[in-house]
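Undergrad: Everything in the sequence shown is counted per this note's numbering, starting at 163 for the first residue and increasing by one.
Okay, here's the structure, questions in a sec.
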Amino acid sequence: MEQQPAPLRVLVVEDHPGIRSVLVRAMKEHPAFAFAGEAADGVEAVGVAERTAPAGVSLDLSMPRRDGRAALPLLRALLPGAAIVVFSSEPPEAAEDVLDLGADAFVPKQAGLDALLDALLVARRDATGPRSLSEVGGAGEPSGGAAPSA
(Lines of atoms letter the chains of each structure in order from A and count residues from 1; the text may use other names and numbers.)
(Lines give C-alpha, C1' and ligand atoms only; values in the text may rest on other atoms or scores of the structure.)
Protein backbone atom coordinates (compact mmCIF):
# COMPACT_ATOMS: atom_id res chain seq x y z
CA MET A 1 0.00 0.00 0.00
CA GLU A 2 1.37 3.40 -1.01
CA GLN A 3 2.17 5.73 1.87
CA GLN A 4 0.44 9.12 1.83
CA PRO A 5 2.74 12.17 1.84
CA ALA A 6 2.92 14.30 4.95
CA PRO A 7 0.41 17.15 5.02
CA LEU A 8 1.52 20.23 3.07
CA ARG A 9 2.33 23.00 5.58
CA VAL A 10 0.74 26.16 4.14
CA LEU A 11 1.20 29.84 4.92
CA VAL A 12 -2.02 31.77 4.24
CA VAL A 13 -1.43 35.36 3.04
CA GLU A 14 -4.72 37.26 2.74
CA ASP A 15 -5.73 40.73 3.91
CA HIS A 16 -9.48 40.09 4.12
CA PRO A 17 -10.14 38.63 7.60
CA GLY A 18 -13.17 36.57 6.53
CA ILE A 19 -11.42 34.94 3.59
CA ARG A 20 -8.27 34.39 5.65
CA SER A 21 -10.34 32.69 8.35
CA VAL A 22 -11.88 30.27 5.82
CA LEU A 23 -8.47 29.45 4.34
CA VAL A 24 -6.87 28.92 7.75
CA ARG A 25 -9.72 26.64 8.80
CA ALA A 26 -9.31 24.62 5.59
CA MET A 27 -5.58 24.19 6.24
CA LYS A 28 -6.29 23.00 9.77
CA GLU A 29 -9.15 20.63 8.90
CA HIS A 30 -8.22 19.13 5.51
CA PRO A 31 -6.07 15.98 5.92
CA ALA A 32 -3.76 16.90 3.01
CA PHE A 33 -2.78 20.22 4.61
CA ALA A 34 -1.32 21.62 7.81
CA PHE A 35 -1.44 25.22 8.97
CA ALA A 36 1.99 26.89 8.97
CA GLY A 37 0.94 30.46 9.68
CA GLU A 38 -1.00 33.44 8.42
CA ALA A 39 -0.29 37.00 7.34
CA ALA A 40 -2.44 39.99 6.39
CA ASP A 41 0.08 41.52 3.98
CA GLY A 42 3.34 40.88 2.19
CA VAL A 43 5.52 42.35 4.95
CA GLU A 44 4.06 39.94 7.52
CA ALA A 45 4.23 37.10 4.98
CA VAL A 46 7.98 37.36 4.58
CA GLY A 47 8.49 37.42 8.35
CA VAL A 48 6.24 34.42 8.95
CA ALA A 49 7.89 32.54 6.06
CA GLU A 50 11.34 33.16 7.56
CA ARG A 51 10.20 31.77 10.94
CA THR A 52 8.11 28.81 9.77
CA ALA A 53 9.57 27.70 6.38
CA PRO A 54 6.22 26.55 4.95
CA ALA A 55 6.12 24.09 2.07
CA GLY A 56 3.19 25.92 0.49
CA VAL A 57 1.85 29.47 0.26
CA SER A 58 -1.59 30.75 -0.65
CA LEU A 59 -0.94 34.37 -1.69
CA ASP A 60 -3.39 37.19 -2.34
CA LEU A 61 -2.27 39.98 -4.67
CA SER A 62 -4.16 43.06 -3.45
CA MET A 63 -2.93 43.81 0.07
CA PRO A 64 -1.69 46.81 2.05
CA ARG A 65 1.95 47.61 2.85
CA ARG A 66 3.49 45.08 0.43
CA ASP A 67 1.20 43.54 -2.15
CA GLY A 68 1.46 40.02 -3.47
CA ARG A 69 3.44 41.01 -6.56
CA ALA A 70 6.12 42.65 -4.40
CA ALA A 71 6.13 39.79 -1.87
CA LEU A 72 6.22 36.97 -4.42
CA PRO A 73 9.90 37.23 -5.47
CA LEU A 74 10.92 37.55 -1.81
CA LEU A 75 8.90 34.48 -0.85
CA ARG A 76 10.29 32.53 -3.82
CA ALA A 77 13.85 33.41 -2.78
CA LEU A 78 13.15 32.32 0.83
CA LEU A 79 11.22 29.20 -0.16
CA PRO A 80 12.68 27.94 -3.44
CA GLY A 81 10.98 24.54 -3.24
CA ALA A 82 7.64 25.72 -1.89
CA ALA A 83 4.37 25.49 -3.78
CA ILE A 84 3.26 29.11 -4.19
CA VAL A 85 -0.27 29.61 -5.50
CA VAL A 86 -1.75 33.05 -6.06
CA PHE A 87 -5.41 33.15 -4.99
CA SER A 88 -6.76 36.46 -6.21
CA SER A 89 -9.84 38.35 -7.30
CA GLU A 90 -7.79 39.98 -10.06
CA PRO A 91 -8.75 38.95 -13.61
CA PRO A 92 -7.19 35.81 -15.11
CA GLU A 93 -4.94 38.04 -17.23
CA ALA A 94 -2.87 38.54 -14.05
CA ALA A 95 -1.77 34.90 -14.28
CA GLU A 96 1.04 35.51 -16.75
CA ASP A 97 2.47 38.30 -14.59
CA VAL A 98 2.51 36.25 -11.37
CA LEU A 99 3.86 33.15 -13.07
CA ASP A 100 6.74 35.27 -14.36
CA LEU A 101 7.35 36.46 -10.79
CA GLY A 102 7.70 32.89 -9.50
CA ALA A 103 4.21 31.62 -8.66
CA ASP A 104 3.42 28.01 -9.51
CA ALA A 105 -0.22 28.73 -10.32
CA PHE A 106 -2.90 31.41 -10.36
CA VAL A 107 -6.37 30.59 -9.07
CA PRO A 108 -9.15 33.18 -9.35
CA LYS A 109 -11.09 33.50 -6.10
CA GLN A 110 -14.28 32.92 -8.10
CA ALA A 111 -13.02 29.37 -8.75
CA GLY A 112 -13.39 28.65 -5.04
CA LEU A 113 -11.58 26.97 -2.19
CA ASP A 114 -11.43 23.51 -3.78
CA ALA A 115 -9.62 24.94 -6.82
CA LEU A 116 -7.04 26.54 -4.53
CA LEU A 117 -6.49 23.33 -2.57
CA ASP A 118 -6.14 21.33 -5.79
CA ALA A 119 -3.64 23.85 -7.19
CA LEU A 120 -1.53 23.68 -4.01
CA LEU A 121 -1.38 19.88 -4.23
CA VAL A 122 -0.49 19.95 -7.94
CA ALA A 123 2.19 22.58 -7.31
CA ARG A 124 3.54 20.41 -4.48
CA ARG A 125 4.02 17.51 -6.88
CA ASP A 126 5.60 19.81 -9.46
CA ALA A 127 8.03 21.24 -6.89
CA THR A 128 9.97 17.97 -6.95
CA GLY A 129 10.99 18.61 -10.57
CA PRO A 130 12.18 21.59 -12.59
CA ARG A 131 10.32 24.83 -11.84
CA SER A 132 10.13 25.76 -15.51
CA LEU A 133 11.11 24.52 -18.94
CA SER A 134 13.68 27.32 -19.18
CA GLU A 135 15.61 25.73 -16.31
CA VAL A 136 16.10 22.58 -18.37
CA GLY A 137 17.10 24.34 -21.58
CA GLY A 138 13.67 25.11 -23.04
CA ALA A 139 11.30 28.00 -22.71
CA GLY A 140 7.90 28.14 -21.14
CA GLU A 141 5.79 28.92 -18.15
CA PRO A 142 6.48 27.60 -14.66
CA SER A 143 4.89 24.27 -14.00
CA GLY A 144 1.36 24.39 -12.67
CA GLY A 145 0.19 27.12 -15.02
CA ALA A 146 -2.95 29.13 -14.55
CA ALA A 147 -5.97 27.38 -13.22
CA PRO A 148 -9.05 27.74 -15.39
CA SER A 149 -11.60 30.21 -14.15
CA ALA A 150 -14.98 28.94 -13.08
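All C-beta atoms, glycine included, are put in the ideal place defined by N, C-alpha and C.
1) Hey, M108 and D259: beta-carbon distance below 7 Å or not?
2) Nearest to L263 by CA position, among P270, A281 and L223, is which residue?
3) Taking buried to mean at least 16 other C-beta atoms within 10 Å of its own C-beta, is P242 buried or exposed?
4) Following the continuous beta strand (DSSP E) through L170, name the residue where it begins and the one where it ends.
5) Between L240, P216, D280 and E206, which has its C-alpha nearest D229's C-alpha?
6) If we count the other Cβ atoms within 10 Å of its Cβ and call it buried at 16 or more, is E176 buried or exposed?
7) Have a look at S220 and Q166 and give me their C-alpha separation to the nearest angstrom.
8) Three-state secondary structure (DSSP) at P270?
9) By a C-beta neighbour count over all protein chains shown, 10 Å radius and 16 as the cutoff for buried, is G274 buried or exposed?
10) Assuming the contact rule is C-beta atoms closer than 8 Å, A196 and L173 should be a hit. Round their C-beta distance to whole Å, please.
11) Pick helix, strand or coil for G180, following the three-state DSSP scheme.
12) Give the DSSP bridge partners of E200, in chain order.
13) Just the C-alpha distance for A239 and A265, rounded to the nearest angstrom, thanks.
14) Which one of T214, K271 and A198 has the shortest CA to CA distance from A256?
15) In angstroms, rounded to a whole number, what distance separates the CA positions of D276 and A244?
TA: Quick look at the numbers:
1) Only positions 163 to 312 of the chain appear in the structure, and residue 108 is not among them; the question remains open.
2) Here residue 263 is taken as the residue at index 101 of the sequence shown, counted from 1. Of the listed residues, the one whose Cα sits closest to L263 is L223.
3) Locating residue 242 in the sequence shown gives position 80, counting from the first residue. Of the residues assessed, P242 falls on the exposed side of the cut-off, its CB having fewer than 16 other CB atoms within 10 angstroms.
4) Reading the sequence shown from its first residue, position 8 is the one you call residue 170. L170 to V175 is the span of the beta strand (DSSP E), which, as asked, contains L170.
5) Position 67 of the sequence shown holds residue 229. Ranking the options by Cα distance to D229, first place goes to E206.
6) Here residue 176 refers to the residue found at position 14 when the sequence shown is read from its first residue. Classification of E176: buried, given that the 10 Å Cβ count is 16 or more.
7) Your numbering for residue 220 matches position 58 in the sequence shown. Your numbering for residue 166 matches position 4 in the sequence shown. Rounded to the nearest angstrom, the two C-alpha atoms are 22 Å apart.
8) Taking the first residue of the sequence shown as 1, we reach residue 270 at position 108. Of the three classes helix, strand and coil, the one that applies to P270 here is strand, per DSSP.
9) Taking the sequence shown and counting its residues from 1, the one referred to as residue 274 is at position 112. The residue is exposed, with fewer than 16 neighbouring Cβ atoms inside 10 Å.
10) Along the sequence shown, one-based indexing puts residue 196 at 34. Along the sequence shown, one-based indexing puts residue 173 at 11. A196 to L173, Cβ: 11 Å. No contact.
11) Position 18 of the sequence shown, counting from 1, holds the residue named residue 180. It is helical.
12) Along the sequence shown, read from residue 1 onward, the residue named residue 200 stands at position 38. Beta-bridge pairing links E200 to V174.
13) For the purposes of this step, residue 239 is taken as residue 77 along the sequence shown, with counting starting at 1. For the purposes of this step, residue 265 is taken as residue 103 along the sequence shown, with counting starting at 1. Using only the alpha carbons, I get a separation of about 11 Å.
14) Indexing the sequence shown from 1 puts residue 256 at position 94. Cα-wise, what sits closest to A256 is K271.
15) For this step, residue 276 is matched to residue 114 along the sequence shown. For this step, residue 244 is matched to residue 82 along the sequence shown. If I take the Cα positions, the gap works out to 19 Å.
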